[in-house]
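S.K.:
Protein chains in written order, with the numbering used here: chain A, 1 to 154; chain B, 1001 to 1729.
Here is the structure:
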């Protein structure tokens, strides 16, 4: 089937079978490889994208369910105020190690700051619980969320 | 087409190929390829572009450990430029030019050696580049070289000024000095600078960084492999009729080594679906059918009998007699399970035809020499027509280099079974990764420690049993001596504690699964046992854990002094066992591995329900010269998380030979909430730099175990802790 996707502000037409996870359409068809494959069962968060502004695991989202929705990925998140602030904070604190989970971490962090501009440490831990980092950069992710909050506040 | 079809034969063959390279028989073609780099390569390690951009050519892959920053720092230092102004590029595969100097002619990353082996080499390369640039400018301006200087990419002198890009062509024609004068440590502005300027940060926060999994070549096929359900099984027959209904499915081919069936498709999702639809009849006649309980029982029995090998200078008889006169003897038996590496990026690699009968492999290559040799052997293509393009690795922890070169062999075989006109990309699922073997072996330990009246250790009998990592593989000659696989015992008999009468005995466990190096290797289990036993002995002696350890580090050697110093520093910074809030407890551990001394204090809280929360880790590390202090801190932070996460709740188990864990829900990664804070202190040192990717891992588990024991519970001797009744908040 042919599906029209609104991705990062652009309409793209893709051919994919119903039941195909959005993740694989984003990566293999649209060649936006910043969104990562980590587990395929929504337990690591590496594939997190925003659908209508909500952080969503794209590995468990079927392509036919997102037609018409606004999808944004790591490649475009820097165009938003909060996204740019999170990326700046990540850079200031050198959060990344292998970096493979960080697209998903950043997409989740943006989602958190959109709904809660000044989260407490416990709130950060709760919200980010589903984003795994095997390098264990959690300390710096936590600090990065706090720093991004300050940057947005100005 | 020649494909070596014997599975066992291939593994042996792959080892032989690696070994050949390791003793220096390197095809000239490989070197010729590296020699023909663009004229802007002043040395193999420094590229300067016409616009003045400087790139460090990094021979070690970047898998998160920060080596791209480390090696760039060394070049930037000698070129008198800021770290934030230098870029980096991955070196091509070339085991003579880009070898790990500690491994021989073998290009590979591992053993926390990247900075240790490159420190002089990269500084020298940077200094040599600086010298020829200055010579070129001086010649152009007709002045003596002593009159010109280089800073931030600009050469000045004799009233003139020019950018390095203007002189690079002339500089490349000059003889590169073999021993240029290096900057004095007092002049360093980049080495030791606490700045946060990781060279790989930008790429990794905007989705631009390319990992093996991200390779998208025109016309590529994607393959997924339906693998053996049990170690030792082989494919008897298969039926792909159901896969033919998957849109994008191309074909299926059985792996010539019997280890599975390859599903070829137009994209990843189709490959996964087709793979799942293929039905296979397995030949289980040689398959592993035991369960973890049987393997555990075998290992436990082994540590309760006379060991197979003596891994210490002291004999068992001498250690036993040393303990005969002890005032008291304490004894514990331990079991530590199989563990998977589970890096965030599941294994993936791509092979493409490169014209003229050659091939190129795209891989986050931990050992490019292995990729190179594997393609040469399986495809029969001359070495000089083979290229390895190294990409970012999404974590590794040792996973991407093993004696069977597993995923590298798979992608090469998958490519070999096509007409070789289309690129072939192999993608592993997380399930492939968790069930795919090459685990940290399981180990049993039994330790008896004898103490005298004054609380001094007089004898230590330490029995270890576990499957050997190195035996039967290409690393055997390097690692196994007198029957003892060094990776099984490292961190025990070579302890820095002054322990007279210490015997270490080793018994090899039977082969159950494929096993491999896993972050900190033998130290990952040996430090747990050594450092928890030190607490058991301290308690028996009625002494504080820090004082007891210091009493056994009398400072007789520089090694002991450095180990004692990190222990004192961590204890002081943590306020060890002083003024802890009610319900909070401290545990400490200190261990030397990969040349680096690391001490960690773990503070836990235990709530009314008995749930344990790690409040804080306070660490101190001495790794010699701290090239990038912030990267070192990051590595220790991460190594603590890696070490403690597995010890808390992870294990790989077999049921009738079948791996029971499949994905993260049953091999649960450390999560953000698990550790509330980590503080890392670095000892200032002028000693040669040593490793930092691994040394933070060994002390983490025993520090947590000792804290839990300090809360009044029995020491956890069966891991993971969740199997011993410990519940985490």
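Positions of the beta carbon are idealized from the N, C-alpha and C atoms, including for glycine. In this text, all values refer to a predicted model and were calculated from it rather than measured experimentally.
(1) From the DSSP output, in three-state form, read off residue 1326 (chain B) for me.
(2) Within its chain, find whatever has a CB closer than 7 Å to the CB of residue 1475 (chain B); leave out the 5 residues flanking it on each side and keep chain order.
(3) Is there a C-beta anywhere in chain A that falls below 9 Å from the one on residue 1211 (chain B)?
(4) Would you identify the three-state DSSP class for residue 103 (chain A), choosing helix, strand or coil?
(5) Pick helix, strand or coil for residue 3 (chain A), following the three-state DSSP scheme.
(6) For the region 109 to 141 of chain A, enumerate the residues whose C-beta is nearer than 8 Å to any C-beta of chain B, in chain order.
(7) Indicate the three-state DSSP secondary structure (helix, strand or coil) for residue 1735 (chain B) in the structure shown.
(8) On the three-state DSSP scale, how would you describe residue 1505 (chain B)?
(9) Using a Cβ-Cβ distance under 9 Å, would residue 9 (chain A) count as near chain B?
(10) For residue 21 (chain A), decide whether its Cβ has a neighbour in chain D, counting only Cβ atoms nearer than 9 Å.
(11) Using a cut-off of 7 Å between C-beta atoms, extract the partners of residue 1345 (chain B) located in chain A.
(12) What residues are listed by DSSP as bridge partners for residue 1226 (chain B)?
(13) Can you find a C-beta in chain A that's less than 9 Å from the C-beta of residue 1642 (chain B)?
(14) Using the Cα positions of residue 1050 (chain B) and residue 1204 (chain B), report the straight-line distance between them to the nearest angstrom.
(15) Are residue 1070 (chain B) and residue 1594 (chain B) close, meaning C-beta to C-beta below 9 Å?
(16) For residue 1383 (chain B), count the other beta carbons within 10 Å of its own beta carbon; 16 or more makes it buried, fewer makes it exposed. Which is it?
(17) Is the Cβ of residue 27 (chain A) closer than 9 Å to any Cβ of chain B?
(18) Could you confirm whether any beta carbon from chain A is found closer than 9 Å to the beta carbon of residue 1681 (chain B)?
(19) Using a C-beta cutoff of 9 Å, does residue 1392 (chain B) count as contacting chain A?
(20) By alpha-carbon positions, which one of B:1659, B:1319, B:1210 ends up nearest to residue 1292 (chain B)?
(21) How about residue 1581 (chain B): is its C-beta nearer than 9 Å to some C-beta of chain A?
(22) In terms of residue numbering, what span does the alpha helix (DSSP H) encompassing residue 1117 (chain B) cover?
(23) Can you grab the Cα-Cα spacing for the pair residue 40 (chain A) / residue 46 (chain A), in whole Å?
(24) Suppose you measure from the CA of residue 1490 (chain B) to the CA of residue 1691 (chain B); what does that come to, to the nearest Å?
(25) Indicate whether at least one CB of chain A lies closer than 9 Å to the CB of residue 1573 (chain B).
(26) With respect to the alpha helix (DSSP H) encompassing residue 1642 (chain B), which residues constitute its N-terminal and C-terminal limits?
(27) Mapping DSSP to helix, strand and coil, what is residue 1028 (chain B)?
(28) Give a single yes or no on whether residue 1216 (chain B) has its beta carbon closer than 8 Å to a heavy atom of the ligand NAD.
(29) Skipping 5 residues on each side, what residues in its chain have a beta carbon closer than 8 Å to that of residue 1345 (chain B)?
(30) Is there contact here, the region 1705 to 1720 of chain B with the region 1600 to 1610 of chain B, by at least three beta-carbon pairs under 8 Å?
(31) Where does residue 21 (chain A) fall in DSSP's three states?
(32) Output yes or no for whether 9 Å exceeds the beta carbon distance between residue 1467 (chain B) and residue 1510 (chain B).
(33) Mapping the DSSP letters down to three states, classify residue 1523 (chain B) as helix, strand or coil.
(34) Which residues, taken in chain order from the region 29 to 51 of chain A, show a beta carbon closer than 8 Å to some beta carbon of chain B?
(35) Check the Cβ of residue 1198 (chain B) against every Cβ in chain A and list those closer than 8 Å, keeping chain order.
(36) Nearest chain B C-beta to residue 4 (chain A) closer than 9 Å, yes or no?
M.R.: To lay it out plainly:
(1) On the second chain, residue 1326 (chain B) is found 326 positions in, with the first residue counted as 1. Coil at residue 1326 (chain B), not helix or strand.
(2) Position 475 of the second chain, counted from the start, is the residue given in the question as residue 1475 (chain B). Result list for residue 1475 (chain B): 1403, in chain order.
(3) Within the second chain, residue 1211 (chain B) is the residue found at index 211, counting from 1. So, interface residue.
(4) Walking along the first chain from the start, residue 103 (chain A) turns up at place 103. Of the three classes helix, strand and coil, the one that applies to residue 103 (chain A) here is helix, per DSSP.
(5) To locate residue 3 (chain A), count along the first chain from 1; it is residue 3. Here residue 3 (chain A) sits in strand by DSSP.
(6) 121, 124, 125, 126, 128, 129, 131, 132, 133, 134, 135, 136, 137, 138, 139, 140, 141
(7) This structure cannot speak to residue 1735 (chain B), because chain B is shown only from 1001 to 1729.
(8) For this step, residue 1505 (chain B) is matched to residue 505 along the second chain. DSSP places residue 1505 (chain B) in strand when its eight states are reduced to three.
(9) For the purposes of this step, residue 9 (chain A) is taken as the residue at position 9 of the first chain. Closer than 9 Å: no.
(10) Included in the structure are the protein chains A and B, with no chain D among them.
(11) Taking the first residue of the second chain as position 1, residue 1345 (chain B) is located at position 345. 100, listed in chain order.
(12) Your numbering for residue 1226 (chain B) matches position 226 in the second chain. Paired residues: B:1261.
(13) Within the second chain, the letter at position 642 stands for residue 1642 (chain B). It does; some Cβ of chain A falls within 9 Å.
(14) For the purposes of this step, residue 1050 (chain B) is taken as the residue at position 50 of the second chain. For the purposes of this step, residue 1204 (chain B) is taken as the residue at position 204 of the second chain. Looking at the two C-alpha atoms, the distance is approximately 27 Å.
(15) Residue 1070 (chain B) sits at position 70 when you count from the first residue of the second chain. Residue 1594 (chain B) sits at position 594 when you count from the first residue of the second chain. Not a contact, by the Cβ cut-off of 9 Å.
(16) For this step, residue 1383 (chain B) is matched to residue 383 along the second chain. Flag for residue 1383 (chain B) reads buried.
(17) Looking up residue 27 (chain A) in the first chain gives position 27. By this cut-off, residue 27 (chain A) is an interface position.
(18) For the purposes of this step, residue 1681 (chain B) is identified with residue 681 of the second chain, where counting begins at 1. Cβ-Cβ to chain A under 9 Å: no for residue 1681 (chain B).
(19) Within the second chain, numbered from 1, the residue matching residue 1392 (chain B) stands at position 392. It does: the Cβ of residue 1392 (chain B) has a partner Cβ on chain A nearer than 9 Å.
(20) For the purposes of this step, residue 1292 (chain B) is identified with residue 292 of the second chain, where counting begins at 1. Residue 1292 (chain B) has its Cα closest to that of B:1659, out of B:1659, B:1319, B:1210.
(21) As a position in the second chain, residue 1581 (chain B) is number 581, starting the count at 1. No, residue 1581 (chain B) lies away from the interface with chain A (no Cβ there is under 9 Å from its Cβ).
(22) As a first step, residue 1117 (chain B) must be located in the second chain, where it is residue number 117. That run of the alpha helix (DSSP H) goes 1114 to 1141.
(23) Your numbering for residue 40 (chain A) matches position 40 in the first chain. Your numbering for residue 46 (chain A) matches position 46 in the first chain. C-alpha separation (whole angstroms): 9 Å.
(24) Taking the first residue of the second chain as 1, we reach residue 1490 (chain B) at position 490. Taking the first residue of the second chain as 1, we reach residue 1691 (chain B) at position 691. One C-alpha to the other measures close to 15 Å.
(25) Here residue 1573 (chain B) is taken as the residue at index 573 of the second chain, counted from 1. By this cut-off, residue 1573 (chain B) is not an interface position.
(26) Working through the second chain from its first residue, we reach residue 1642 (chain B) at position 642. 1629 to 1649 is the span of the alpha helix (DSSP H), which, as asked, contains residue 1642 (chain B).
(27) Numbered from 1 along the second chain, position 28 holds the residue referred to as residue 1028 (chain B). In this predicted model, residue 1028 (chain B) has a pLDDT of only 26, less than 50, meaning its place in the structure is not dependable; the value taken from the coordinates is given anyway. Three-state DSSP puts residue 1028 (chain B) in a helix.
(28) As for the ligand NAD, it is missing from this structure, which has no ligand bound.
(29) Position 345 of the second chain, counted from the start, is the residue given in the question as residue 1345 (chain B). So the list reads 1211, 1212, 1213, 1364, 1393, 1394, 1395, once near-sequence residues are dropped.
(30) yes
(31) Taking the first residue of the first chain as 1, we reach residue 21 (chain A) at position 21. DSSP places residue 21 (chain A) in strand when its eight states are reduced to three.
(32) For the purposes of this step, residue 1467 (chain B) is taken as the residue at position 467 of the second chain. For the purposes of this step, residue 1510 (chain B) is taken as the residue at position 510 of the second chain. Taking 9 Å as the Cβ cut-off, residue 1467 (chain B) and residue 1510 (chain B) qualify as a contacting pair.
(33) By 1-based counting over the second chain, the position of residue 1523 (chain B) is 523. Note: residue 1523 (chain B) maps to helix in three-state DSSP.
(34) 29, 31, 32, 33, 34, 35, 36, 37, 38, 39, 40, 41, 43, 44, 46
(35) Locating residue 1198 (chain B) in the second chain gives position 198, counting from the first residue. Per Cβ cutoff of 8 Å: 94, 96.
(36) By 1-based counting over the first chain, the position of residue 4 (chain A) is 4. So, not an interface residue.
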